[in-house]
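44 is the number that our numbering gives to position 45 of the sequence shown; each next residue is one higher, with no gaps.
Built from N, CA and C at the ideal position, the CB exists for glycine as well.
As the structure is a prediction and not an experimental result, all values here were calculated from the model.
Since the structure comes first, as structure tokens, the remarks are kept for the end.
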Amino acid sequence: MSLSAGERLGPYQIVEAIGAGGMREVYRARDSRLCRDVALKVMKAHPFT
């Protein structure tokens with residue numbers, strides 16, 4: 000699941016990709032409930048599922 004800046008995932012708005020490795024991608028996102036930036040880990044899409 001690759002996300003782009005500006006996309007929303009629940010209460011989080013993606014700001015930028017930070018990194019990726021193994022089975023996860025990490026993004027800097029803005030939490031609209033807390034009004035602050037957070038690190039958001041998202042599982043990568045697996046081609047066999």
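Going by alpha carbons, who is nearest to residue i out of the options?
{"i": "H45", "options": "L33, A38 and R23", "result": "R23"}
{"i": "V14", "options": "G21, G20 and A4", "result": "A4"}
{"i": "R35", "options": "G21, Q12, L8 and S1", "result": "Q12"}
{"i": "K43", "options": "R27, S31 and G18", "result": "G18"}
{"i": "L2", "options": "S31, R27 and V37", "result": "R27"}
Under the rule that 16 or more other beta-carbon atoms within 10 Å means buried, what is residue i, buried or exposed?
{"i": "L33", "result": "exposed"}
{"i": "L8", "result": "exposed"}
So residue i is in the beta strand (DSSP E); what residue range does that whole segment cover?
{"i": "G18", "result": "Y11 to G20"}
Per DSSP, which one or two residues make a beta bridge with residue i?
{"i": "K40", "result": "V25"}
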